[in-house]
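What follows is a set of notes on a single structure, which appears directly below.
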Amino acid sequence: MTVKQLPIRRIDRADVEAIIQAIIEDGCCIIKDFTDVATVMQVNEEVQPYLDADKPWKGDLFPPETRRCANLAGRSKTARENWLIDPLIRTLTARFVDKTTSNFYGETKHTYTSEAICSIAMTFDIGPGAKAQRLHRDDKNFHVDHEDQSATGYRVGSDVMMAFMVPGIKTTVENGATIAIPGSHLWGSDRAPKLDEAVAAEMNVTDCWVMLGGLYHAGGANVTQNERRVVHGMFFTRGFHRQEENVYLVNTAEEVLSWSPEAQKVMGYEVSSPNIGFVNFQTPLQYLRGEGVGDAFVDFDPSQEQPK
35 MTVKQLPIRR IDRADVEAII QAIIEDGCCI IKDFTDVATV MQVNEEVQPY LDADKPWKGD
95 LFPPETRRCA NLAGRSKTAR ENWLIDPLIR TLTARFVDKT TSNFYGETKH TYTSEAICSI
155 AMTFDIGPGA KAQRLHRDDK NFHVDHEDQS ATGYRVGSDV MMAFMVPGIK TTVENGATIA
215 IPGSHLWGSD RAPKLDEAVA AEMNVTDCWV MLGGLYHAGG ANVTQNERRV VHGMFFTRGF
275 HRQEENVYLV NTAEEVLSWS PEAQKVMGYE VSSPNIGFVN FQTPLQYLRG EGVGDAFVDF
335 DPSQEQPK
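Residue numbering for the sequence shown is 35 to 342, as defined by this note's numbering.
Here it is in C-alpha coordinates:
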(Lines of atoms letter the chains of each structure in order from A and count residues from 1; the text may use other names and numbers.)
(Lines give C-alpha, C1' and ligand atoms only; values in the text may rest on other atoms or scores of the structure.)
Protein backbone atom coordinates (compact mmCIF):
# COMPACT_ATOMS: atom_id res chain seq x y z
CA MET A 1 0.00 0.00 0.00
CA THR A 2 1.41 3.37 -1.04
CA VAL A 3 1.34 6.03 1.66
CA LYS A 4 0.46 9.50 0.45
CA GLN A 5 2.81 12.16 1.76
CA LEU A 6 1.65 15.76 1.72
CA PRO A 7 4.35 18.34 0.92
CA ILE A 8 5.31 21.05 3.40
CA ARG A 9 4.45 24.47 2.05
CA ARG A 10 7.00 27.30 2.00
CA ILE A 11 5.29 30.68 2.21
CA ASP A 12 6.63 34.24 2.26
CA ARG A 13 6.30 36.04 5.57
CA ALA A 14 4.26 38.80 3.94
CA ASP A 15 1.53 36.41 2.78
CA VAL A 16 -0.21 36.09 6.14
CA GLU A 17 -3.48 34.72 4.77
CA ALA A 18 -1.65 31.94 2.92
CA ILE A 19 0.21 31.05 6.12
CA ILE A 20 -3.07 30.87 8.03
CA GLN A 21 -4.67 28.73 5.33
CA ALA A 22 -1.71 26.32 5.30
CA ILE A 23 -1.96 25.93 9.07
CA ILE A 24 -5.70 25.25 8.81
CA GLU A 25 -5.26 22.66 6.07
CA ASP A 26 -1.88 21.09 6.94
CA GLY A 27 -1.28 22.05 10.57
CA CYS A 28 2.10 23.49 9.63
CA CYS A 29 4.23 25.38 7.12
CA ILE A 30 7.62 27.02 6.70
CA ILE A 31 7.63 30.82 6.84
CA LYS A 32 10.24 32.17 4.44
CA ASP A 33 12.32 35.19 5.47
CA PHE A 34 10.83 35.26 8.95
CA THR A 35 14.02 36.85 10.28
CA ASP A 36 17.50 37.85 9.09
CA VAL A 37 20.89 36.17 9.33
CA ALA A 38 22.38 38.77 11.69
CA THR A 39 19.61 38.25 14.26
CA VAL A 40 19.99 34.47 14.12
CA MET A 41 23.76 34.71 14.55
CA GLN A 42 23.33 37.00 17.56
CA VAL A 43 20.92 34.58 19.23
CA ASN A 44 23.33 31.72 18.50
CA GLU A 45 26.10 33.66 20.24
CA GLU A 46 23.96 34.51 23.27
CA VAL A 47 22.94 30.90 23.94
CA GLN A 48 26.26 29.19 23.22
CA PRO A 49 27.66 29.39 26.79
CA TYR A 50 24.54 27.66 28.12
CA LEU A 51 24.68 24.96 25.46
CA ASP A 52 28.33 24.33 26.32
CA ALA A 53 27.45 23.97 30.01
CA ASP A 54 24.50 21.60 29.50
CA LYS A 55 24.63 17.95 30.55
CA PRO A 56 23.60 14.88 28.49
CA TRP A 57 19.98 13.78 28.85
CA LYS A 58 19.35 10.37 30.39
CA GLY A 59 16.03 9.10 29.08
CA ASP A 60 13.95 8.94 25.91
CA LEU A 61 12.82 12.55 25.54
CA PHE A 62 16.09 13.78 23.97
CA PRO A 63 19.02 11.93 22.40
CA PRO A 64 22.13 12.07 24.64
CA GLU A 65 23.92 14.01 21.88
CA THR A 66 21.50 16.91 22.41
CA ARG A 67 22.35 20.06 24.34
CA ARG A 68 19.72 22.56 25.46
CA CYS A 69 19.47 26.16 26.56
CA ALA A 70 16.33 26.58 28.65
CA ASN A 71 14.92 29.99 29.64
CA LEU A 72 15.60 31.42 26.18
CA ALA A 73 13.56 34.50 27.06
CA GLY A 74 15.83 35.33 29.99
CA ARG A 75 19.12 34.30 28.42
CA SER A 76 18.78 35.81 24.95
CA LYS A 77 17.64 39.41 24.81
CA THR A 78 17.70 39.22 21.03
CA ALA A 79 15.30 36.27 20.86
CA ARG A 80 13.05 37.78 23.51
CA GLU A 81 12.79 41.27 22.03
CA ASN A 82 12.65 40.21 18.39
CA TRP A 83 11.02 36.81 17.95
CA LEU A 84 8.87 36.27 21.04
CA ILE A 85 7.07 39.56 20.44
CA ASP A 86 7.10 39.41 16.64
CA PRO A 87 3.80 40.79 15.25
CA LEU A 88 3.39 37.82 12.91
CA ILE A 89 3.69 35.36 15.78
CA ARG A 90 1.12 37.36 17.71
CA THR A 91 -1.23 37.37 14.72
CA LEU A 92 -1.00 33.59 14.42
CA THR A 93 -1.32 32.83 18.13
CA ALA A 94 -4.31 35.18 18.31
CA ARG A 95 -5.96 33.24 15.49
CA PHE A 96 -5.20 29.71 16.68
CA VAL A 97 -4.53 29.82 20.44
CA ASP A 98 -6.41 32.73 22.07
CA LYS A 99 -9.65 31.68 23.76
CA THR A 100 -12.74 33.89 23.96
CA THR A 101 -15.77 32.90 26.03
CA SER A 102 -18.85 34.60 27.44
CA ASN A 103 -20.89 34.08 30.59
CA PHE A 104 -23.57 35.88 32.52
CA TYR A 105 -23.44 37.77 35.79
CA GLY A 106 -27.13 37.88 36.48
CA GLU A 107 -28.63 38.95 33.16
CA THR A 108 -25.54 40.82 31.95
CA LYS A 109 -23.31 39.09 29.44
CA HIS A 110 -19.55 39.37 29.95
CA THR A 111 -16.99 38.36 27.34
CA TYR A 112 -13.36 37.52 28.10
CA THR A 113 -10.35 36.66 25.93
CA SER A 114 -7.41 34.76 27.35
CA GLU A 115 -4.44 35.67 25.15
CA ALA A 116 -1.68 33.22 24.29
CA ILE A 117 1.47 33.18 26.41
CA CYS A 118 4.82 31.49 25.93
CA SER A 119 4.75 28.06 27.54
CA ILE A 120 8.42 27.34 26.94
CA ALA A 121 11.24 28.86 24.89
CA MET A 122 14.50 27.00 24.47
CA THR A 123 17.34 26.19 22.10
CA PHE A 124 18.05 22.65 20.93
CA ASP A 125 21.53 21.68 19.73
CA ILE A 126 21.53 18.18 18.22
CA GLY A 127 24.96 16.68 17.63
CA PRO A 128 26.25 14.03 15.21
CA GLY A 129 25.04 10.52 15.97
CA ALA A 130 21.77 11.62 17.55
CA LYS A 131 18.90 9.29 16.76
CA ALA A 132 15.55 10.59 15.61
CA GLN A 133 12.85 11.34 18.14
CA ARG A 134 9.65 9.35 18.11
CA LEU A 135 6.75 10.99 16.30
CA HIS A 136 4.66 12.85 18.87
CA ARG A 137 2.26 15.71 19.53
CA ASP A 138 3.49 18.60 21.66
CA ASP A 139 0.09 19.19 23.27
CA LYS A 140 0.38 15.99 25.32
CA ASN A 141 1.22 18.15 28.34
CA PHE A 142 -2.25 19.70 28.19
CA HIS A 143 -4.10 16.37 27.99
CA VAL A 144 -5.93 17.21 24.77
CA ASP A 145 -8.57 14.77 23.52
CA HIS A 146 -8.39 15.01 19.73
CA GLU A 147 -11.56 14.43 17.74
CA ASP A 148 -11.22 13.18 14.17
CA GLN A 149 -11.68 16.17 11.84
CA SER A 150 -10.60 14.42 8.65
CA ALA A 151 -14.10 14.53 7.18
CA THR A 152 -15.26 17.88 8.52
CA GLY A 153 -12.11 19.95 8.07
CA TYR A 154 -10.21 21.78 10.78
CA ARG A 155 -12.08 23.73 13.42
CA VAL A 156 -10.06 26.77 14.45
CA GLY A 157 -9.87 26.78 18.23
CA SER A 158 -9.53 23.03 18.66
CA ASP A 159 -5.79 23.31 19.33
CA VAL A 160 -4.54 24.73 22.61
CA MET A 161 -0.95 25.45 21.61
CA MET A 162 1.36 26.08 18.67
CA ALA A 163 5.10 26.21 18.09
CA PHE A 164 7.60 28.29 16.14
CA MET A 165 11.14 27.09 15.45
CA VAL A 166 13.94 29.19 13.96
CA PRO A 167 17.02 27.30 12.74
CA GLY A 168 20.45 28.44 13.86
CA ILE A 169 21.98 26.74 10.82
CA LYS A 170 20.59 25.37 7.57
CA THR A 171 18.68 22.23 8.49
CA THR A 172 18.82 19.19 6.22
CA VAL A 173 17.70 15.59 6.24
CA GLU A 174 21.29 14.64 7.05
CA ASN A 175 21.69 16.86 10.13
CA GLY A 176 18.28 16.00 11.53
CA ALA A 177 15.74 18.45 10.17
CA THR A 178 12.32 18.18 11.81
CA ILE A 179 10.07 15.58 10.23
CA ALA A 180 6.30 16.02 10.30
CA ILE A 181 3.06 14.61 8.95
CA PRO A 182 1.10 17.46 7.34
CA GLY A 183 -2.60 16.97 7.98
CA SER A 184 -2.11 14.88 11.12
CA HIS A 185 -3.59 17.70 13.23
CA LEU A 186 -6.93 16.44 11.88
CA TRP A 187 -6.52 12.95 13.29
CA GLY A 188 -8.35 11.61 16.30
CA SER A 189 -6.49 10.49 19.40
CA ASP A 190 -6.77 6.82 18.46
CA ARG A 191 -4.77 7.02 15.21
CA ALA A 192 -1.06 6.25 15.49
CA PRO A 193 1.48 7.98 13.22
CA LYS A 194 3.68 6.02 10.84
CA LEU A 195 7.21 7.06 9.95
CA ASP A 196 6.63 6.63 6.22
CA GLU A 197 3.91 9.30 6.40
CA ALA A 198 6.39 11.96 7.55
CA VAL A 199 8.36 14.41 5.42
CA ALA A 200 11.36 16.57 6.32
CA ALA A 201 11.03 20.30 6.96
CA GLU A 202 14.40 21.45 5.65
CA MET A 203 15.00 25.13 6.37
CA ASN A 204 17.34 28.00 5.63
CA VAL A 205 18.71 30.13 8.44
CA THR A 206 16.13 32.90 7.97
CA ASP A 207 13.13 30.54 7.88
CA CYS A 208 10.69 29.64 10.65
CA TRP A 209 8.78 26.39 11.13
CA VAL A 210 5.27 26.83 12.53
CA MET A 211 2.98 24.01 13.63
CA LEU A 212 -0.07 23.36 15.74
CA GLY A 213 0.24 21.40 18.96
CA GLY A 214 -1.81 18.56 17.48
CA LEU A 215 0.60 17.92 14.58
CA TYR A 216 2.67 14.75 14.68
CA HIS A 217 6.36 15.56 14.25
CA ALA A 218 9.82 14.62 15.53
CA GLY A 219 13.41 15.75 15.46
CA GLY A 220 15.27 13.86 12.76
CA ALA A 221 18.43 11.79 13.10
CA ASN A 222 21.75 13.62 12.73
CA VAL A 223 23.85 11.33 10.54
CA THR A 224 26.56 13.89 9.75
CA GLN A 225 30.12 13.70 11.02
CA ASN A 226 30.52 17.23 12.33
CA GLU A 227 27.32 19.31 12.00
CA ARG A 228 25.35 20.36 15.05
CA ARG A 229 21.73 21.23 14.27
CA VAL A 230 20.81 24.28 16.32
CA VAL A 231 17.14 25.28 16.50
CA HIS A 232 15.52 27.98 18.65
CA GLY A 233 12.01 26.95 19.71
CA MET A 234 9.13 29.03 21.06
CA PHE A 235 5.95 27.29 22.18
CA PHE A 236 2.72 29.12 23.04
CA THR A 237 -0.40 28.04 24.91
CA ARG A 238 -3.53 29.63 26.33
CA GLY A 239 -3.07 32.11 29.13
CA PHE A 240 -5.05 30.05 31.63
CA HIS A 241 -2.86 26.96 31.20
CA ARG A 242 0.10 26.17 33.38
CA GLN A 243 3.28 26.89 31.43
CA GLU A 244 5.63 24.02 30.68
CA GLU A 245 8.64 26.06 31.79
CA ASN A 246 8.51 27.88 35.13
CA VAL A 247 10.31 31.09 34.19
CA TYR A 248 9.11 32.87 37.32
CA LEU A 249 11.72 31.15 39.49
CA VAL A 250 14.76 31.66 37.24
CA ASN A 251 14.48 35.34 36.30
CA THR A 252 14.86 38.00 38.98
CA ALA A 253 12.40 40.86 39.41
CA GLU A 254 15.07 43.29 38.23
CA GLU A 255 15.62 41.28 35.06
CA VAL A 256 11.92 40.97 34.27
CA LEU A 257 11.31 44.68 34.85
CA SER A 258 14.01 45.45 32.26
CA TRP A 259 12.09 43.58 29.57
CA SER A 260 9.77 45.30 27.12
CA PRO A 261 6.08 45.41 28.13
CA GLU A 262 5.30 43.12 25.19
CA ALA A 263 7.82 40.53 26.39
CA GLN A 264 6.55 40.75 29.97
CA LYS A 265 3.02 40.12 28.77
CA VAL A 266 3.79 37.18 26.49
CA MET A 267 5.88 35.53 29.22
CA GLY A 268 2.91 35.56 31.60
CA TYR A 269 3.54 38.54 33.86
CA GLU A 270 0.07 39.95 33.22
CA VAL A 271 -3.26 38.54 34.36
CA SER A 272 -5.07 36.27 31.94
CA SER A 273 -8.59 37.64 31.44
CA PRO A 274 -10.61 37.76 33.51
CA ASN A 275 -8.47 37.06 36.61
CA ILE A 276 -5.99 34.18 36.36
CA GLY A 277 -2.51 34.72 37.77
CA PHE A 278 -2.87 37.60 40.22
CA VAL A 279 -0.61 38.12 43.24
CA ASN A 280 -2.23 39.49 46.39
CA PHE A 281 -4.98 40.91 44.16
CA GLN A 282 -2.42 42.72 42.01
CA THR A 283 -1.06 41.91 38.57
CA PRO A 284 2.38 40.26 38.71
CA LEU A 285 4.01 43.40 37.30
CA GLN A 286 2.38 45.62 39.92
CA TYR A 287 3.68 43.25 42.56
CA LEU A 288 7.22 43.21 41.12
CA ARG A 289 7.27 47.01 40.95
CA GLY A 290 6.16 47.25 44.55
CA GLU A 291 3.15 49.35 43.64
CA GLY A 292 0.48 49.97 46.24
CA VAL A 293 -3.15 49.15 45.62
CA GLY A 294 -4.55 52.53 46.54
CA ASP A 295 -7.75 52.83 48.53
CA ALA A 296 -9.44 49.81 46.95
CA PHE A 297 -8.85 46.88 44.63
CA VAL A 298 -10.19 47.10 41.09
CA ASP A 299 -11.24 44.55 38.47
CA PHE A 300 -8.32 42.99 36.62
CA ASP A 301 -10.08 43.19 33.27
CA PRO A 302 -11.33 46.74 32.68
CA SER A 303 -12.30 45.86 29.10
CA GLN A 304 -15.04 43.47 30.15
CA GLU A 305 -18.56 44.39 29.14
CA GLN A 306 -20.17 46.64 31.71
CA PRO A 307 -23.85 46.61 32.71
CA LYS A 308 -25.97 49.02 30.71
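Quick reminder that beta carbons are idealized off the backbone N, C-alpha and C, glycines included.
From V50, L169 and S184, residue whose alpha carbon lies closest to that of T125:
V50
Any idea if Y282 is buried or exposed, counting beta-carbon neighbours within 10 angstroms, 16 or more meaning buried?
exposed
How about A197 and F130: are their beta carbons less than 7 Å apart?
no
Straight-line Cα distance separating P83 from M35:
Below a pLDDT of 50, predicted positions are generally treated as unreliable, and M35, at 47, falls in that range; no measurement from the model is reported.
Just curious, the alpha helix (DSSP H) that F130 is in, first and last residue?
P121 to F130
In chain order, what residues of the same chain have a beta carbon less than 6 Å from the beta carbon of R262, not counting five sequence neighbours either side?
D159 and G161
Using beta-carbon positions only, say whether A211 and A232 come within less than 7 Å of one another.
no
What number of angstroms, rounded off, separates the C-alpha of W91 from the C-alpha of A297?
29 Å
7 Å CB neighbourhood of G222 in its chain, flanking five on each side removed
H180, E181 and D182
At which residue ranges does the region 218 to 272 contain complete alpha helix (DSSP H) runs of 4 or more residues, listed in the order of the chain?
none
With G61 and G191 assumed to form a contact (beta carbons below 8 Å), what rounded beta-carbon distance in angstroms separates them?
About 14 Å separates the two Cβ atoms, so there is no contact after all.
Mapping DSSP to helix, strand and coil, what is A211?
coil
Based on Cα-Cα distance, which residue from I213, P295, L322 and G273 lies nearest to Y146?
G273
Does D159 come out as helix, strand or coil in the three-state DSSP assignment?
strand
Looking at the unbroken beta strand (DSSP E) that takes in I310, where does it start and where does it end?
Premise fails: I310 is in no beta strand (DSSP E) and is neither H nor E.
Leaving aside the five residues before and after D46 along the sequence, list all residues of the same chain whose C-beta is less than 7 Å from its C-beta, in chain order.
K66 and D67
Take the Cβ of Y250 as the centre, count every other Cβ of all protein chains shown within 10 Å, and call the residue buried at 16 or more, exposed below.
buried
In angstroms, rounded to a whole number, what distance separates the CA positions of A185 and R323?
51 Å
Candidates T69, I203, I53 and H219, of which the one nearest H194 by Cα
The amino acid at residue 194 is misidentified as His; the sequence shows Val. The candidate whose alpha carbon is nearest that of V194 is H219.
Given a cut-off of 7 Å, decide if M156 and L85 are closer than it, judged by their beta-carbon atoms.
no
How big is the Cα-Cα spacing for T135 and Y321?
28 Å
Buried or exposed: where does R109 fall if 16 or more other Cβ atoms within 10 Å of its Cβ makes it buried?
buried
In the structure shown, what three-state DSSP assignment does Y84 receive?
helix
Identified DSSP bridge partners for P201
V265
Is D67 near the ligand COA - that is, is its Cβ less than 6 Å away from at least one heavy atom of it?
For the ligand COA, the structure offers nothing, since it holds no ligand at all.
Inspect the beta-carbon positions of H266 and F176 and report whether they are closer than 7 Å.
no
Within 10 angstroms of the Cβ of D224, are there 16 or more other Cβ atoms? Answer buried if so, exposed if not.
exposed
If I213 sits next to P227, beta carbons under 8 Å apart, how far is it from one beta carbon to the other, in whole angstroms?
With 8 Å as the limit, I213 and P227 do not qualify as a contact, their Cβ atoms being about 10 Å apart.
Could you tell me which uninterrupted beta strand (DSSP E) segments, each at least 3 residues in length, are contained entirely in the region 50 to 116, listed from first to last along the chain?
62 to 66 and 100 to 103
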